[in-house]
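Going line by line, the protein sequences match chains E, Y, R, W, V, P and X.
The letter at position 660 of the first sequence is residue 646 when you use this note's numbering, and the numbering goes up by one with no holes.
All you need for this note's numbering is the position in the second sequence, starting with 1, plus 43.
All you need for this note's numbering is the position in the third sequence, starting with 1, plus 645.
All you need for this note's numbering is the position in the fourth sequence, starting with 1, plus 125.
All you need for this note's numbering is the position in the fifth sequence, starting with 1, plus 9.
All you need for this note's numbering is the position in the sixth sequence, starting with 1, plus 85.
All you need for this note's numbering is the position in the seventh sequence, starting with 1, plus 9.
The C-beta atom is built at its ideal place from N, Cα and C for all residues, glycine as well.
This one's a predicted model, so the numbers in the text were calculated from it and none came from an experiment.
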Amino acid sequence: MLLAILLGFAFSIFLVFTGKFFKGRISILAAGIPLALFVYFAQFIGRISDGEVITQFHSWIPAFGVNLGFTLDGLSLLFSLMITGIGFLVFVYTSAYLKGHKYLDRFYGYLSMFMAAMLGLVLSDNLISLFVFWELTSISSFFLIGFNNTSRESRKSALIALAITGIGGLSLLVGSIFLGSITGTYSIAEMLTMNPEIASNPYYILIVALIFGAAFTKSAQFPFHFWLPGAMKAPTPVSTYLHSATMVKAGIYLLMRLTPVLGDHEFWNTTLIIVGAITMVYSAIHTLFRTDLKGVLAYSTISALGILVFLIGQGTVDALTAAAVFIIVHALYKATLFLITGIIDHQTGTRDTTVLRGLRKVLFPVAIAGFLAALSSAGIPPTIGFIGKELTYESTFHFGNMAILLTGLIVITKILLLYAGFVAGIKPFTGALPERFENTKMPSFLMWLPPVILAVGCLVFGIFPGLIEGSLVKPMVSSMGLDGKDIHLKLFHGFNVILLLSVITIALGTVLYFTLKPTKKLEAWIAKFEKFSPQTIVTNSWAFFFKFSNGWTNLFQNGYLRNYVATIMVFTIALTGYSLFTTANYAVDFNSFSPITFYEAATSLVMLVAIGYTVFTRSRLAAVASMGIIGYAICILFVIYSAPDLAMTQFSIDTLTVILFVLVLYKLPKYLKLSDYKMRIRDGVLSLAFGTIITLLILEVLAEPVNKEVSDYYAANAYILAHGKNVVNVILVDFRGADTMLEISVLAIAAIGVFALLKLRLKKSDQR
Amino acid sequence: MTDIFVAIFSLSGAIFILFASIGLIRMPDAYLRISVTTKAATLGIGLLLLAATIHFQDFSITTRVFAIILFILLTAPISAHLIGRASYFSGVKLWKHSIMNDLEGKYDKVTQELKSEDVEELKKRKKKEKELIKKKPLK
Amino acid sequence: MKTIILRTASTYLLPLLLMFSIFILLRGHYSPGGGFVGGLIASIAFVLHAFARGLDNTKELLKIHPGFLMPIGLALAFLAGVTPVLFFDLPFMTGIWYPGQLPVIGSLGSALFFDLGVYLVVVGVTLTIIFTITESA
Amino acid sequence: MKNRFLSNIILMGIWVALTGEFTFANYIFGFAFSFFTLRMITTGSGNAKYFKILPKVIAFIFFFLYELIKANLQVAYEVMTPHYNMSPGIVKIPLSAKTNVEITLLANMITLTPGTLSLDVSDDRKVLYVHSMYITSREEFIDSIKNGFEKRILEILR
Amino acid sequence: MTLHEFIFYIVIPILSISMLLILWRFLKGPSIVDRIIALDLIITIGIGFIAGYSILTNRPSFLDVAMILALIAFLGTVAFSYYIQKRNKK
Amino acid sequence: MEVILAILIGVLYAAGIYMILRRSLVKLILGIIILGNGANLLIFLLGRVVKGSPPIIPADSDVFQSVYADPVPQALILTAIVISFGLQSFAIILVKRAYKVVKTDDLDEMNAIDKDS
Amino acid sequence: MTQQLVLYPLLLQMFLSIVLMFCWRKISWQRVISIVGSIINVGVSIWLFSYIWENGTQIVLAGNWKPPFGIIFVADTLSATLVLLTAISGLAVSSFSSASVVAARLKFGYFPIFHFLLLGLNGAFLTGDIFNLYVWFEIIIISSFVLITLGGEKAQLEGSVKYFTLNILASMIFLTAIAVLYGLTGSLNMADLALKVAAIENRGLVSITAILFLVAFGIKAAVFPLYFWLPDSYHTPPSAVAAIFGGLLTKVGVYALIRVFTLIFVGDQFIENIILIMAVLTLISGGLGALVKNNLRKVFSYLIICHIGYMIAGLGLFTEVAIAGTIFYLIHDIIVKTNLFMVSGLIFRMRGTNSIRNLGGLYADYPKLSLLIAIPLFSLVGIPPLSGFWPKISLIIAGFQAERWWVVGAIIFASLITLIVIAKVWASVVWKEKKELPVRLNFRYFDKLITIRKAQMIAPMIFLSLVSLYIGFGAEHIQQVSSRVAGELMDNQQYIEAVLGK
Ligand code: NA
Ligand code: NA
């Protein structure tokens, strides 16, 4: 299985380097891969339906507990077949749809990368590696949605999709890590037995909420649904593959996969039912107001995903069976509808339902496929759609005390979806063919065959449900931890309430289809509600957030150096001040200090006055000279306190600095009076506070005992071992000679810097 | 005995320095201040340093101190000269009771050249010379 | 500066100050001084010369660009530090001492060469900085 | 050649005195070192006859010290008494001294004695501008300088 | 009175007072030249102080600092004059 | 005396920060220098100060016979002073160059970089 | 031979700098010396790393003075790792510089100073002496000053004034902290300090000293609210300089924080909380800044800040898992950020601007280079299994275990913002149609470069991209290193014993 996944990645990398050589032939090569993989996974059907679970384990990063553990059971098998099967058809379809496109090789690269990621996602047993693949699907989806990268809209949609699914991805990551932390493993298989412990863990709600965050964003549940219609900017094969058949189902997959781990808890069930219900009804209503075929399909897809979440939320055997069947149903008919929409778009140049009519005359095989898919979507027998709908009604109708309400909702949804299916699958083909479409040509069989195959699937599986019952549905239900023995798929369940509901659904739906025609007016009408939609709310909050970000950034990063310094000082003063006043013991022992002599006092006074003068003088040169006096006073202090070497150095450096200043200053203008009174007060307070803290700190430190171990060692060995009597110099060239080596390096670098700063003049063309 | 010499030398040195300092405060213009301080301080420092040589009575210290004194004697007048000159450049006025100023108008503002004669006079003379030269060929 | 007095004095001050600087360099191990202050005095000598007689004269006197003293000095100090590593398998900066005493200098050891390196770097740095500024002033 | 040799010896002496170590090696080192220093800095040529003028130098030193102390006391008096007794001004003194060394030495001596300050030498080296605290008349002042310091300095240096 | 006391109570205080007097001139100015004179003189006094202090503490090594002060103070004055001359050059 | 030194150091720090907070580039550099002086004195004082006993072993002995000042802070300060010198001279030239290119000493005017955000 | 091994990277860099100074104007020699030297340096660093990996922490006593008296150099796993990463980034930038830095700059000491900077970085990682660390920091600072001003353009100067002032301020605070530490303990050896600081009774003083270190290193590491110098300066120098700055300079601050707060100041709850709060605000502030900026390099600058937050968060959480996350992130970030700034340089050479608004069309013009650019970009986001992803696991686990939800929240927030920012950058720089910009006269566009220069620019990006792919896909190895480092850091007794014996 690892190889199967790697094959996709390898192929996409391979394309990057060799894409140029293959040109047109690339399609054959590309389509071969999903086909091979489909065959590979299909051969497991027998073993899986016998109840076997095939696992594979590759150690990857044991340090994190992250491994490439793969599980092939009912659930992952179904998804794998869908991914590779529909993948194959989409690959084939693409070869015609994007024939001669400049970047066809890249497109296949992304597509196969996506396929591989998707396979990895559904096969992974390890939550972290699942997350890895999850993110890869988001990223490859980003590249695919933005494939028409010169279109502003495409780029925007790709970004929104990435942002929303990115939030979900991170939510999944955190959820997985938390789950891993409380269970001690990332292996889903190992977690299966821990359901009660997890459910009783105090973090259960948090973890489930995080997992929901992931599933709802990926599967476009209300209120995160809006990225999906936007993602329809992608080329049709992408919409088909990612946004109806596979990627959006990753959230569904996750919920199904974790049902045995996290399910069977009130929070889990209620939330899923509510969110699913809102999503399915909300977006089903939206389909009524769309004139773009892809828009209709997008909203009906969201609605279908809502139905799935709704079913998973019920969590009963019936509901999960219904969900399992509905996944297949939806994959078949929705993929078909998308593909034919692509054909219509490709051949006629429009997807506008208000003008598309009578195309059966020019696109007959496509019309057949559309008709079958529409039937399946509407749940009209003998398509498999009917079975799916019956199961859905069955489980909902028997679900607890809210059953009537929930059934009502699902029926309304189904009615609306029937309308949507008809609009997409039947309407373009019926009626008279307008003049403008008369010259429409049949596309290459590579394009129309895939939808036909899928549409035929809708019919065949409907007539022979046994084909999928034992092989796919039962194993799938059992891999969700439930007993699937009693499942029997059949078209006719006998006359009962469920059948009645079906009849009502079909009847009302058909009436709706014939009475309500999609118009621009309707579309405009619903647009009025846009300002209350989640998308608008999110967009507005994003705008607000962006404004806030700008404000926040500019508040701190305002370009004024003095504000930066002030902020840093405030921070430092606050922390040190707090520490000092809360913990210091103020044990200053004045007796331990030496008495003040006349000359010390005089020197200090000189220094103090010079400092004041340097700070407040208005003359630049006087400030520099006065700084010279500060340095001089320090030099005298160094003499007084036994540091002749220091005094020498201090004084010579001080003089040199003054000289440098003098040499530089004579080109500069006079000081201007720049800061106002208030600013001076603020700065004064700030600096005095800092000075005070330093003084207090010094007094505190001076009260502490002294340790002279190191300097005593130096003193004792300076002459005996290091052959010098000036201990300071011995330290500089021997004990701590490395410092000195660096110190002269600093000087050399500074000199080079000065040299370059003054001599180097860049040519205009070399500047930024 | 040496202590007494040390005391005398150091005290007189200090006093000369004090004079210089008071001079610096009291003298009315920059030139006078320079004038007063250079010498008094030089002498004062010299005496203090001599006191140190007497105190330590060590040959290497003595030579070193003499080197310092020599150096001060060499550089102090140059400093004074430079500052004095700089004062004149920066337009420091003479004390109002000064009795003469031969330097007035001798510096060329542009080239900072110092003439031995008045710049204006020089110009006049050159003009005259030119006129004379002009006249010559006529004769 | 156009002053005969300073110009004349600088001719005599230069050798005097240079000698002082070497003196201070060599005795640093025993009394206050050392490579750093020594180097500063040496550079002051040249700076003074440059002030008095113009930069071009001083540069002519120096013959090489003062900046070139920096790598030389660094190399010398580095060699003094790295010699024990290369030849004695001792750690970096380990003092290597010539047994016995030399006149003036006292003990001769790698520390002295190190200090000499410091001296040269300081001269190079100070002169580079001040000369560059003066030139572009 | 001769001058260089002399300067060399003098510098060596200063070196030995400075280090305070009168050993043979130190003389050699001092000699070698000052040799290199001189070689490095020799651009122009000086012209000094060291030995002939030695007695005059000593005499001059005593004269100078005398002037120094005398004038210092004068200034001290000026500073310490409440009223100003001075009559300062800048005087132009024509120079007999010709070489740089002569002029420099003269100017410095004038500066070092209290009450007077050499401000500058004219670019054509013809005159020296001196600031003085006590001027009675221009001629008298010029005379005192020319017959005092200048004469003695020129005696030594020529 | 010992020499130590003499230096401590008489010589050094005189020098310290001189230092403060000069500081006064430095603050008062009025011209930049006055400040430079004050700076030069205060350093010169520093040399004297160090001489006195070395007698006081009986440590000749401080005299080396005096030597450096003498050598370098001169350069400072030269630089300032250089500056003033350049500044006034039109 | 230590108390006075402590206050002096506090004043140096305060003055340094105050000058760094001004708008003039020259004052900024002066502030940095003053702050550096404060830091050096701080090392010096916290290493504990001793009067009149430089850490130089007397000529006639191999080890100290009496009390001596701690040489370690002195060596550290020496290094710090020299490093500061390198930085300061660089900074001073930076002022010069900045003035030439940006044509101002006012730090508030040096914000062109923010215009092209 | 291996006795002095710890010093070899330092000696080599010093040697290179000096040799390069001798070759002052011969820039083609300098190019060769720098690249060859950097290759040797990578070899030496690998040698050092593997030696440390086999034999544990090694020390060298400079001057052969026994600890704690002399300066000591210590290579534990953390130091050896960082030295290796410096060598790798250094090699990449050395090659990139040869191609992208204009000859005028090369003639004014670019390469010697570049190697001094690397020397400083290595030294800071290897030293075991707090004052020596200060000196190394100064080497780094002054080299970076020179590099950031080299050329002296207007923007460069304006940026460098801020860079200069705030970094100097940091140094002063650092020096103040060292002074206090010396006043309290009389020692400078970090291991010895660890022992002596632990024995101080006045904990308040210890706490204040720790805060001073926090501020000093916090400024260098560009942590909120101390990072202001960074966004105002990092976009101004040549890209090669920005690359080494972006990759390594702030990390040395992070390293210092890690070292000091795992070795000397351990177990102060107050400080740990402060660090955590700072980390969270850093994550947020950096992210917000990156979101709103429109200059590619400014965006990257803010992302540097943002991602420093991860590392600091790990330090603040202060568990073995968290520190391992910090170390892993550090390793990843050095490589990727270096690469990113080289990418910005490449883009600048292609288009003559770094303004996101004016960029576009890379995808059409340079399809393969776009894919190369994608690797560092998406590694930075941490799209799994690329390198930025793994350390977040450790950090989130640590946050969960400590029940610091707000820290986890900030980590997630920063990840999301990074994702959005990078996607935005990708969409507008790579995808968006090319905007016709006025052609810059005499500007050396990428297309016009000779092949060898092109190769010198592209090869280091490929090199670093491969390294970051290795970090991602070979996360097992990196995690082993990180865990071992975390283990060593959490038990400071190990370090102390390695240095002081016993
Ligand atoms: Na020394
Ligand atoms: Na006089």
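Which listed residue (Lys463/X, Leu380/X, Phe270/X and Thr347/X) has its alpha carbon closest to that of Met359/X:
Looking up residue 359/X in the seventh sequence gives position 350. Among Lys463/X, Leu380/X, Phe270/X and Thr347/X, the Cα nearest to that of Met359/X is on Lys463/X.
Hey, how far is the Cα of Gly684/R from the Cα of Leu670/R?
The residue labelled residue 684/R in the question sits at position 39 within the third sequence. The residue labelled residue 670/R in the question sits at position 25 within the third sequence. Their Cα atoms are separated by approximately 8 Å.
Give a yes or no on whether the minimum CB-CB distance between His124/Y and chain R is below 8 Å.
Position 81 of the second sequence, counted from the start, is the residue given in the question as residue 124/Y. Closer than 8 Å to some Cβ of chain R, the Cβ of His124/Y qualifies, so yes.
Mind checking Tyr175/W: buried by the 16 CB within 10 Å criterion, or exposed?
Taking the first residue of the fourth sequence as position 1, residue 175/W is located at position 50. Annotation note: pLDDT 41 at Tyr175/W (below 50); position unreliable, coordinate value reported separately. Exposed.
Any idea what DSSP makes of Arg55/E, helix, strand or coil?
Position 69 of the first sequence, counting from 1, holds the residue named residue 55/E. This sequence places Gly at residue 55/E; Arg is not what is there. Gly55/E falls in the strand class under three-state DSSP.
Where the alpha helix (DSSP H) containing Gly195/X begins and where it ends:
For the purposes of this step, residue 195/X is taken as the residue at position 186 of the seventh sequence. That residue, Gly195/X, is in no alpha helix (DSSP H); it is neither H nor E in DSSP.
Please classify Phe15/V as buried or exposed, where buried requires at least 16 other C-beta atoms within 10 Å of its C-beta.
Against the fifth sequence, residue 15/V aligns to sequence position 6. It is buried - the Cβ of Phe15/V has at least 16 other Cβ atoms within 10 Å.
Identify every run of the alpha helix (DSSP H) within the segment 257 to 322 of chain E, keeping only runs that are complete inside it and at least 4 residues long; order them along the chain.
279 to 300
Which bits of chain P does Met181/X rub up against, with CB to CB less than 7 Å?
As a first step, residue 181/X is located in the seventh sequence; it is residue number 172 there, counting from the start. Leu120, Gly121 and Ala124, listed in chain order.
How about Met634/E and Ile616/E: do their beta carbons lie closer than 8 Å?
The residue labelled residue 634/E in the question sits at position 648 within the first sequence. The residue labelled residue 616/E in the question sits at position 630 within the first sequence. Against a cut-off of 8 Å, the Cβ pair of Ile616/E and Met634/E comes out as no contact.
Ignore the nearest five residues each way along the sequence and tell me which others in Pro219/W's own chain have a CB closer than 6 Å to its CB.
For this step, residue 219/W is matched to residue 94 along the fourth sequence. These residues qualify, in order along the chain: Val252.
If the cut is a Cβ gap below 7 Å, which residues of chain Y does Arg34/V touch?
Here residue 34/V refers to the residue found at position 25 when the fifth sequence is read from its first residue. Going along chain Y in sequence order, the residues near Arg34/V (Cβ under 7 Å) are Leu67 and Ile68.
At a Cβ threshold of 8 Å, is Phe732/R touching chain P?
To locate residue 732/R, count along the third sequence from 1; it is residue 87. For Phe732/R, the answer is no, since every Cβ of chain P falls outside 8 Å of its Cβ.
Does chain E have any CB closer than 8 Å to the CB of Ala79/V?
Residue 79/V sits at position 70 when you count from the first residue of the fifth sequence. Interface annotation, Ala79/V: not in contact with chain E, CB-CB separation never under 8 Å.
Since Gly699/R meets chain E, which of its residues come closer than 8 Å, beta carbon to beta carbon?
By 1-based counting over the third sequence, the position of residue 699/R is 54. Within chain E, no residue comes near Gly699/R; the closest Cβ sits about 15 Å away, beyond 8 Å.
Going by DSSP in three states, His256/W sits in which element: helix, strand or coil?
Position 131 of the fourth sequence, counting from 1, holds the residue named residue 256/W. Note: His256/W maps to strand in three-state DSSP.
For Tyr92/V, does the count of other Cβ atoms within 10 angstroms reach 16, so buried, or fall short, so exposed?
Here residue 92/V corresponds to residue number 83 of the fifth sequence, with the count starting at 1. The residue in question, Tyr92/V, is buried, as its Cβ has 16 or more Cβ neighbours within 10 Å.
Residues of the segment 630 to 645 of chain E in Cβ contact with chain V at a cutoff of 8 Å, in chain order, please.
The residues in question are Pro630, Ala633, Met634, Phe637, Ser638, Thr641, Val644 and Ile645.
Looking at C-alpha atoms only, which residue of Ala305/E, Pro461/E, Thr369/E and Leu283/E is the closest neighbour of Leu402/E?
Stepping through the first sequence from its first residue, residue 402/E is reached at position 416. When C-alpha distances from Leu402/E are compared across Ala305/E, Pro461/E, Thr369/E and Leu283/E, the shortest belongs to Leu283/E.
Need the endpoints of the beta strand (DSSP E) that Ser465/E sits in, please.
The residue given as residue 465/E occupies position 479 in the first sequence. Run containing Ser465/E: none in the beta strand (DSSP E); it sits in the alpha helix (DSSP H), Lys460 to Ser465.
On the criterion of 16 or more Cβ atoms from any shown chain inside 10 Å, does Tyr743/R qualify as buried, or is it exposed?
If you number the third sequence from 1, residue 743/R lands on position 98. By the 10 Å Cβ count, Tyr743/R comes out exposed.
Quick one: is Val87/V near chain Y, going by C-beta distance under 8 Å?
Working through the fifth sequence from its first residue, we reach residue 87/V at position 78. Taking Cβ atoms only, chain Y reaches closer than 8 Å to Val87/V, which makes this a yes.
May I have the straight-line CA-CA distance separating Leu440/E from Ala355/E, to the nearest angstrom?
Here residue 440/E corresponds to residue number 454 of the first sequence, with the count starting at 1. Here residue 355/E corresponds to residue number 369 of the first sequence, with the count starting at 1. Straight-line Cα distance between these residues: approximately 8 Å.
For Gln512/X, the first and last residue of its enclosing beta strand (DSSP E)
Residue 512/X lies beyond the stretch modelled for chain X, which goes from 10 to 511, so this question has no answer here.
Once the 5 residues before and after Phe120/X are set aside, which same chain residues still bring their CB inside 6 Å of it?
As a working mapping, residue 120/X is identified with position 111 in the seventh sequence. Result list for Phe120/X: Leu29, Gln39 and Ser43, in chain order.
Flag Gly72/X as yes if its beta-carbon sits less than 8 Å from any beta-carbon of chain E, otherwise no.
In the seventh sequence, the residue the question calls residue 72/X occupies position 63. Interface residue, yes.
To the nearest angstrom, how far is the alpha carbon of Glu421/E from that of Pro351/E?
Looking up residue 421/E in the first sequence gives position 435. Looking up residue 351/E in the first sequence gives position 365. Glu421/E and Pro351/E: Cα-Cα distance of roughly 20 Å.
Flag this pair as touching only if the segment 208 to 217 of chain X and the segment 692 to 709 of chain E have three or more C-beta atom pairs under 8 Å; answer yes or no.
no
In chain order, which alpha helix (DSSP H) runs of at least 4 residues are fully inside the segment 128 to 203 of chain E?
Counting only runs of 4 or more, we get 138 to 169, 174 to 177 and 181 to 186.
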